[in-house]
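Numbering (the UniProt record's numbering), first residue to last: 1 to 149.
Cβ atoms here follow ideal geometry from the backbone N, Cα and C, with glycine treated the same way.
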Amino acid sequence: MANFDKKFYLVREDVLSDAMKKTIEAKDMLERGKAESIWDAVQKVDLSRSAFYKYRDTVFPFSSVSKDRIISLFFHLEDRSGTLSKLLSVVAGSGCNVLTIHQTIPLMGRANVTLSLNTAGMLHDIDSLLAELRKLEFVEKVEVLGTGA
């Protein structure tokens, strides 16, 4: 497992080397049962075994090292009937539990909503939830305000 005594950095995916990205992909395949062995996983992602072993204990997706179970999200929404209900339906469908909701009074056809969510029961990772929320036609912007235990 990882040596968490070392210093960690949060780095955007586009600046990682291909070997690092492929290592994360191979580890994900192994976790999900999409590969039967390390050899199978590295073959599927076109990565050498030596590169996999070099990075496997040092490169992690942000969601896997974050032990936080609470996340606060801020939304800019179009003010339409049923918007909040649809938003909450997506959140519930992801396995999150809504802890708090704060909605501003709509002004000029726009409203702001802040949700605090317990992510302990999430079916997928936070990035997948954010992508799904951003696809909603009435969502103009989604921001992660913070995370906590």
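Counted within 10 angstroms of its Cβ, other Cβ atoms place Phe8 as buried (16 or more) or exposed | What you label residue 8 is simply residue 8 of the sequence shown in a count that begins at 1. Classification for Phe8: exposed.
Spell out the partners DSSP gives Ser85 in its beta bridges.
-> Taking the sequence shown and counting its residues from 1, one reaches residue 85 at position 85. Ser85 is not bridged to any residue.
Mind the definition here: the segment 98 to 117 touches the segment 69 to 89 only if three or more C-beta pairs lie below 8 angstroms; say whether that holds.
-> The segment 98 to 117 vs the segment 69 to 89: in contact.
Could you check how far apart the C-beta atoms of Val90 and Leu136 are, in whole angstroms? I think they sit under 8 angstroms.
-> The residue labelled residue 90 in the question sits at position 90 within the sequence shown. The residue labelled residue 136 in the question sits at position 136 within the sequence shown. Sure, about 7 angstroms apart at Cβ, within 8 angstroms.
Determine the closest residue to Glu140 out of Ala51, Leu87, Ser17 and Val98, with distance taken between C-alpha atoms.
-> Position 140 of the sequence shown holds residue 140. Ranking Ala51, Leu87, Ser17 and Val98 by Cα distance to Glu140 puts Leu87 first.
When you compare only the Cα positions, how much space is there between Ala92 and Val98?
-> For the purposes of this step, residue 92 is taken as the residue at position 92 of the sequence shown. For the purposes of this step, residue 98 is taken as the residue at position 98 of the sequence shown. Approximately 8 angstroms, taken between the alpha carbons.
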